[in-house]
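**Student:** This is the structure, below, for whatever I ask next.
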Amino acid sequence: MEASTGLFAGTPNSKELVAIQGPDEPKPVKNLDGQLCEICGDSVGLTVEGDLFVACEECGFPVCRPCYEYERREGTQVCPQCHTRYKRIKGSPRVEGDEDEDDVDDIEHEFKNEQVQKGHMIHGDDNGSSKSGLAKVNGELLSTSVGEPGAKLDEKEKIDEWILRQGNLWPETDSSVDHEKAMKEPLSRKVAIPSGKLSPYRMMVVARFLLLLLFFQYRIFHPVPDAVGLWFISVTCEIWLALSWMIDQIPKWFPIDRETYLDRLSIRFEQENKPNMLSPIDIIVTTVDPIKEPPLVTANTVLSILALDYPADKISCYVSDDGASMLTFEALQETAEFSRKWVPFCKKFSIEPRAPEKYFSEKIDFLKDKLQSTYVKERRTMKREYEEFKVRINALVAKSMRVPPEGWTMKDETPWPGNNPKDHPSMIQVLLPHNVGNELPCLVYTSREKRPAFQHHGKAGAINALLRVSAVLSNAPFVLNLDCNHYVNNSKVVREAMCFFMDIQLGNGIGFVQFPLRFDSLDRHDRYANKNTVLFDINLRCLDGIQGPVYVGSACIFRRKCLTGCDSPMSSKRPSMVQVHSKQDENGEEASITDEEKELLKSQTDDENKFGKSTLFMNSSLTEQGGVDPTSSQEVLLKEAIHVMSSKYEDRTLWGYEEGLSYGSIAADTLTSLKMHCHGWRSVYCMPKRDPFRGTAPINLTDRLNQVLRWAVGSLQILFSRHCPLLYGFNGGKLKGLQRIAYINSTVDPFSSIPLLIYCIIPAICLLTDKFITPSVGTFASLIFIALFISIFASAILELRWSGVSLEEWWRSQQFWVIGSVSANLFAVVQGIMGALPLGRVNTNFSIVSKAPDDGEFRELYTIRWTALLIPPTTIIIINLIGVVAGFTDSINSGGHSWGALLGKLFFSLWVIVHLYPFLKGLMGRQNRTPTLIVIWSVLLASIFSLVWVRVDPFVLKTKGPDVKQCGISC
0 MEASTGLFAG TPNSKELVAI QGPDEPKPVK NLDGQLCEIC GDSVGLTVEG DLFVACEECG
60 FPVCRPCYEY ERREGTQVCP QCHTRYKRIK GSPRVEGDED EDDVDDIEHE FKNEQVQKGH
120 MIHGDDNGSS KSGLAKVNGE LLSTSVGEPG AKLDEKEKID EWILRQGNLW PETDSSVDHE
180 KAMKEPLSRK VAIPSGKLSP YRMMVVARFL LLLLFFQYRI FHPVPDAVGL WFISVTCEIW
240 LALSWMIDQI PKWFPIDRET YLDRLSIRFE QENKPNMLSP IDIIVTTVDP IKEPPLVTAN
300 TVLSILALDY PADKISCYVS DDGASMLTFE ALQETAEFSR KWVPFCKKFS IEPRAPEKYF
360 SEKIDFLKDK LQSTYVKERR TMKREYEEFK VRINALVAKS MRVPPEGWTM KDETPWPGNN
420 PKDHPSMIQV LLPHNVGNEL PCLVYTSREK RPAFQHHGKA GAINALLRVS AVLSNAPFVL
480 NLDCNHYVNN SKVVREAMCF FMDIQLGNGI GFVQFPLRFD SLDRHDRYAN KNTVLFDINL
540 RCLDGIQGPV YVGSACIFRR KCLTGCDSPM SSKRPSMVQV HSKQDENGEE ASITDEEKEL
600 LKSQTDDENK FGKSTLFMNS SLTEQGGVDP TSSQEVLLKE AIHVMSSKYE DRTLWGYEEG
660 LSYGSIAADT LTSLKMHCHG WRSVYCMPKR DPFRGTAPIN LTDRLNQVLR WAVGSLQILF
720 SRHCPLLYGF NGGKLKGLQR IAYINSTVDP FSSIPLLIYC IIPAICLLTD KFITPSVGTF
780 ASLIFIALFI SIFASAILEL RWSGVSLEEW WRSQQFWVIG SVSANLFAVV QGIMGALPLG
840 RVNTNFSIVS KAPDDGEFRE LYTIRWTALL IPPTTIIIIN LIGVVAGFTD SINSGGHSWG
900 ALLGKLFFSL WVIVHLYPFL KGLMGRQNRT PTLIVIWSVL LASIFSLVWV RVDPFVLKTK
960 GPDVKQCGIS C
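Those letters in the sequence shown? Residues 0 to 970, per numbering that gives the first Met the number 0, in order.
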């Protein structure tokens, strides 16, 4: 069936089709005898008995056997029309779920043509047209009959409705009033959190604050006489943790949501019969190690970028291979070839997501809302092409495991320049150029120069090198930064960002748009809080109501100008930059040097000190609207790109200080956003309904703790540097007060590990010494304690209510906050203090986290590798378990009068163990997985601590000899 003949739907319990009439003339209803498959257009065919093949027993929707078997094997296993699960027909292979069906092999249970013809359908007339019937359109049953006005449905309106539902551009309209209105309306708006959800949360936070004041009034003025030291330390820890909570709550007072209008963006900048005015964008992808960051993962990220729903001539993708791996280079060559087939397929059928690995692995109804009859055939062909592409990539990976003694050579027998990844020249190759009429975006492979005598600054240095390369080759005014394991899940994500950047009223003051990150391949319960939902769904939304979210290292679109250290035009009267021109006037004659030109030459010298010695790059950087010089040849541009990637280019320049991403901290993302906000730029947090980016996260406990350690060390590096948010930006800075508090909270948060560690040990001390941190409480004190506990849980529940975060996700976040604080953050504090003191520097160059997808069923979840970070939590658990046993033993020996005091101590200790339960489960999840060294060290430390504590007991007041005032002389 040709697509031009219109769309057809089957009637329930019939062998007929009802035509959804087109705008020209009614289409006849065809009988199923000799009918064509409604999915692929081939003949439906016959069964093994010679009867007409019918896939669905309920509605008789015409589907051929290959489409039926493909749907059962790869799809949702349901009929596209009535959504009834396909039963297994004789001769077809079994699939998952067939075991629940009885006697499906019997011929009596198969659908027979004769049984359907008995009065349960509407027959066509002699001309083949239907007199009446039912058609299923967009999930609704429509009753139609020939000769009635309602029988003719406008196919164009139906397709336009489908396009709107898919989130595509507006259908064409003839109303000039709507166009004029859309040209004036904003492209986005703020959406306030409903006051019915936000006001109770604010009231509960205030109530919790007042209860904390009453709590500390009681705790401070009611010491424990026989355990003063224990009381003092516990109160000190409680005050620190309370202050930490208050600092965390202050920036959460103004959460907001945002809404974008993609239709208005299209009407304003994509007018018919006019050039497309959407702004170009450069996309930067960084990768280092092809073993920990597999080439197939990087390839899927690149393919999802190339297939973006955005004009192809306005997209340039740059891949930075910081490991100079020939495997990555060859994999990108294969990716470029495969993209010539994949990108047209994605845009033709508007599929989501556009990362092929994720698209073909999803168990969804891929036939939903697909109007073209060729879709199934092309999907099968594309899946076969992708599987062949995967085989070629896997062959490259297998070949890379055997490194030749003389090093790698390319296909033309030329030695690979990156055989030494720490000492190699710059490399660049345009894999997909921008050509006239080309439907593919530009794809460029780069690897910056590495020399042992130079500092290269890790990921921040690689991104800065790509910023210079992209400014030379394409110079788009906006830049998207992605890690190699974060693919585009929403093809309209760039359009979402342009609704903010290209807004006439507020766009000029926006420095960057941050998107949330979602993750695949996580265990169902998210044991180690890898989703980071509290960060992405609560904290960043709250910051968006102040000055904007922080940059999280990926999934962020920058305005290129804000990366040059310029102040925001919305908050500064600084004159706009001008392009450096030649010394010839418009007539080509040599002009005399005037005072203005002297100032221009001085400005050019200053620009060289700032941008580096590249006139072409300087001219590109100083161009407001982007773009490169059209007179420059491709060879000249590539040579200049090689130059700006050299190791010595950044020497004696402001790169890493005022230009590009900031150096000086592992957390370069946080430091960079701090500087941008101090320059007056705003940032925006955009959360489309469909997740914009997805990727992989480390589900292994060791990798997760190392990741937290890296973040914590980076935060402390900022705190101990000249960019400390306590002081930075006060002189002429434009950082808002609440935004400053948020930065202070992120940098001092690792110090909460010390009081939290002590507070996790105190329950065991209480059980071992038979003392407690509070005296016997009265009725009023008990009410304060109970009210405080209720306020803690109530404020958390109300926060989840307005944010939409689930209770389980919040609880996992709380558990891992304790786990990460007593392990990774504790080590980070030690390293940060040692790094700040003149005693010596600590090496903070951590290896990257593995980003390979898990082959087994969460195999990596149970893998434990040795690291000192595992010792403190393990020791805390063992100490508390020893304390619980000691407390029970002491209560049994002392009699029933001590059980009441024991319950309070047990609750305190169980609070610690419950928070550390995911760590304990990960440590003991499978037998023979825990490193023996961790167990030995933890048991040894716990035993020594317990024995020494019982012997010394330093927090209990000591007396020498008997108390004669009580006992008398005869004692």
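Glycine is no exception: its CB is placed at the ideal position from the N, C-alpha and C atoms.
Quick one: is Ala54 buried, meaning 16 or more other Cβ sit within 10 Å of its Cβ, or exposed?
**Tutor:** If you number the sequence shown from 1, residue 54 lands on position 55. By the 10 Å Cβ count, Ala54 comes out buried.
**Student:** Spell out a yes or no on whether the segment 255 to 266 and the segment 436 to 444 are touching, meaning 3 or more CB-CB pairs, one atom from each, closer than 8 Å.
**Tutor:** Result no; under three Cβ-Cβ pairs closer than 8 Å.
**Student:** Where does Gln428 fall in DSSP's three states?
**Tutor:** Within the sequence shown, the letter at position 429 stands for residue 428. Three-state result, Gln428: strand.
**Student:** At the level of alpha carbons, what is the spacing between Phe616 and Met644?
**Tutor:** Residue numbering aside, residue 616 sits at position 617 when the sequence shown is read from its first letter. Residue numbering aside, residue 644 sits at position 645 when the sequence shown is read from its first letter. Near 11 Å, if we compare the C-alpha coordinates of Met644 and Phe616.
**Student:** Take Trp816 as the anchor and find which of Ile832, Arg703 and Phe792 has the nearest alpha-carbon.
**Tutor:** Here residue 816 is taken as the residue at index 817 of the sequence shown, counted from 1. Residue Arg703 is the option with its Cα nearest to Trp816.
**Student:** Would you say the segment 642 to 659 touches the segment 501 to 513, given that touching needs at least three Cβ pairs under 8 Å?
**Tutor:** They do not touch, by the three-pair rule.
**Student:** Anyone know if the C-beta pair for Met276 and Ser790 falls short of 8 Å?
**Tutor:** Translated into positions along the sequence shown, residue 276 becomes position 277. Translated into positions along the sequence shown, residue 790 becomes position 791. It is not a contact, given that the beta carbons lie outside the stated cut-off.
**Student:** Which of the three DSSP states is assigned to Ser682 in this structure?
**Tutor:** Along the sequence shown, read from residue 1 onward, the residue named residue 682 stands at position 683. Note: Ser682 maps to strand in three-state DSSP.
**Student:** In the structure shown, what three-state DSSP assignment does Ser233 receive?
**Tutor:** Within the sequence shown, numbered from 1, the residue matching residue 233 stands at position 234. If DSSP states are grouped into helix, strand and coil, Ser233 belongs with the helices.
**Student:** Hey, quick one: how far does the beta strand (DSSP E) through Thr259 stretch, first residue to last?
**Tutor:** On the sequence shown, residue 259 is found 260 positions in, with the first residue counted as 1. Its beta strand (DSSP E) spans residues Ile255 to Thr259.
**Student:** From the DSSP secondary-structure annotation, give me the bridge partner or partners of His423.
**Tutor:** For the purposes of this step, residue 423 is identified with residue 424 of the sequence shown, where counting begins at 1. DSSP lists Lys449 as partners of His423.
**Student:** Would you check if the distance between the CB atom of Asn824 and the CB atom of Ser720 is smaller than 8 Å?
**Tutor:** Mapped onto the sequence shown, residue 824 falls at position 825. Mapped onto the sequence shown, residue 720 falls at position 721. In this structure, Ser720 does not lie closer than 8 Å to Asn824 by Cβ.
**Student:** Taking all protein chains shown into account, do 16 or more other C-beta atoms lie within 10 angstroms of the C-beta of Ile280, making it buried, or fewer, making it exposed?
**Tutor:** In the sequence shown, residue 280 corresponds to position 281, counting from 1. Buried, since its Cβ has 16 or more Cβ neighbours within 10 Å.
**Student:** Quick one: using the 10 Å Cβ neighbour count with 16 as the cut-off for buried, is Asn892 buried or exposed?
**Tutor:** The residue labelled residue 892 in the question sits at position 893 within the sequence shown. The residue in question, Asn892, is exposed, as its Cβ has fewer than 16 Cβ neighbours within 10 Å.
**Student:** Go ahead and pull the three-state DSSP assignment for Trp865.
**Tutor:** Counting from one through the sequence shown, the residue named residue 865 turns up at place 866. Note: Trp865 maps to coil in three-state DSSP.
**Student:** I need the straight-line Cα distance from Leu393 to Asn879, nearest angstrom please.
**Tutor:** The residue given as residue 393 occupies position 394 in the sequence shown. The residue given as residue 879 occupies position 880 in the sequence shown. At residue 393 the sequence reads Asn, which differs from the Leu that was named. Cα to Cα, the separation comes out at about 49 Å.
**Student:** Output yes or no for whether 8 Å exceeds the beta carbon distance between Tyr486 and Ser319.
**Tutor:** The count along the sequence shown starts at 1 and reaches residue 486 at position 487. The count along the sequence shown starts at 1 and reaches residue 319 at position 320. Taking 8 Å as the Cβ cut-off, Tyr486 and Ser319 do not qualify as a contacting pair.
**Student:** Can you say whether Thr235 is buried or exposed, counting buried as having 16 or more other CB atoms within 10 angstroms of its CB?
**Tutor:** Along the sequence shown, read from residue 1 onward, the residue named residue 235 stands at position 236. Exposed, because fewer than 16 other Cβ atoms sit within 10 Å of the Cβ of Thr235.
**Student:** Compute the distance between the beta-carbons of Ser872 and Met686, then report whether it is under 8 Å.
**Tutor:** On the sequence shown, position 873 is the one that residue 872 refers to. On the sequence shown, position 687 is the one that residue 686 refers to. For clarity, residue 872 is Pro in the given sequence; the question names Ser instead. Contact flag unset, no.
**Student:** What is the DSSP secondary structure of His82, reduced to helix, strand or coil?
**Tutor:** If you number the sequence shown from 1, residue 82 lands on position 83. Residue state, collapsed to three classes: coil.
**Student:** Excluding the 5 residues flanking Thr614 on each side, which residues of the same chain have their C-beta closer than 6 Å to its C-beta?
**Tutor:** Residue mapping note: residue 614 aligns to position 615 of the sequence shown, counting from 1. Nothing meets the Cβ criterion.
**Student:** What is the rounded straight-line gap between the Cα of Glu405 and the Cα of Thr327?
**Tutor:** Residue 405 sits at position 406 when you count from the first residue of the sequence shown. Residue 327 sits at position 328 when you count from the first residue of the sequence shown. C-alpha separation (whole angstroms): 19 Å.
**Student:** Beta carbon of Phe518, beta carbon of Arg558: below 8 Å?
**Tutor:** As a first step, residue 518 must be located in the sequence shown, where it is residue number 519. As a first step, residue 558 must be located in the sequence shown, where it is residue number 559. The answer is no: Cβ separation not under 8 Å.
**Student:** For the 8 Å Cβ check, are there 3 or more pairs between the segment 669 to 677 and the segment 467 to 480?
**Tutor:** Judged by Cβ distances under 8 Å, the segment 669 to 677 makes no contact with the segment 467 to 480, as fewer than three pairs qualify.
**Student:** Can you tell me whether Leu31 is buried or exposed? The criterion is at least 16 other CB atoms within 10 Å of its CB, across all chains shown.
**Tutor:** Residue mapping note: residue 31 aligns to position 32 of the sequence shown, counting from 1. In this prediction, Leu31 scores a pLDDT of 45, lower than 50, which makes its location untrustworthy; the coordinate-derived value is nonetheless stated afterwards. With 16 or more Cβ atoms within 10 Å of its Cβ, Leu31 is classed as buried.
**Student:** Out of Ala528, Tyr550 and Ser553, which has the shortest C-alpha to C-alpha gap to Trp809?
**Tutor:** As a first step, residue 809 is located in the sequence shown; it is residue number 810 there, counting from the start. The residue with the shortest Cα to Cα distance from Trp809 is Ala528.
**Student:** Pull up the distance between the alpha-carbon of Thr866 and that of Leu700, whole angstroms please.
**Tutor:** Numbered from 1 along the sequence shown, position 867 holds the residue referred to as residue 866. Numbered from 1 along the sequence shown, position 701 holds the residue referred to as residue 700. For Thr866 and Leu700, the distance between alpha carbons rounds to 10 Å.
**Student:** Considering only residues of the same chain and omitting the five flanking positions on each side of Leu240, which have a CB-CB separation below 8 Å?
**Tutor:** If you number the sequence shown from 1, residue 240 lands on position 241. Here the set comprises Ser751, Pro754, Leu755 and Tyr758.
**Student:** Would Ile875 and Ile743 qualify as a contact pair, given that the criterion is a beta-carbon distance under 8 Å?
**Tutor:** For the purposes of this step, residue 875 is taken as residue 876 along the sequence shown, with counting starting at 1. For the purposes of this step, residue 743 is taken as residue 744 along the sequence shown, with counting starting at 1. Contact flag unset, no.
**Student:** Val533 by DSSP, collapsed to three states: which one?
**Tutor:** Working through the sequence shown from its first residue, we reach residue 533 at position 534. Val533: helix per DSSP, three-state reduction.
**Student:** Does the Cβ of Leu799 have 16 or more other Cβ atoms within 10 Å, making it buried, or fewer, making it exposed?
**Tutor:** By one-based count along the sequence shown, residue 799 stands at place 800. Under this definition Leu799 is a buried residue.
**Student:** Ser469: buried (16+ other C-beta within 10 angstroms of its C-beta) or exposed?
**Tutor:** If you number the sequence shown from 1, residue 469 lands on position 470. Its Cβ being crowded by 16 or more others within 10 Å, Ser469 is buried.
**Student:** Compute the Euclidean distance between the alpha carbons of Ser42 and Tyr69, then round it to the nearest angstrom.
**Tutor:** As a first step, residue 42 is located in the sequence shown; it is residue number 43 there, counting from the start. As a first step, residue 69 is located in the sequence shown; it is residue number 70 there, counting from the start. When rounded, the distance between both Cα atoms is 16 Å.
**Student:** Taking DSSP as the reference, what is the three-state secondary structure of Glu658?
**Tutor:** Against the sequence shown, residue 658 aligns to sequence position 659. Note: Glu658 maps to strand in three-state DSSP.
**Student:** Can the beta-carbon of Cys765 be found closer than 8 Å to that of Lys560?
**Tutor:** Indexing the sequence shown from 1 puts residue 765 at position 766. Indexing the sequence shown from 1 puts residue 560 at position 561. Contact: no.
**Student:** Let's see if you can read the secondary structure: which residues bound the beta strand (DSSP E) around Gln813?
**Tutor:** Your numbering for residue 813 matches position 814 in the sequence shown. Note, Gln813: premise wrong, no beta strand (DSSP E); alpha helix (DSSP H) at Leu806 to Gly819.
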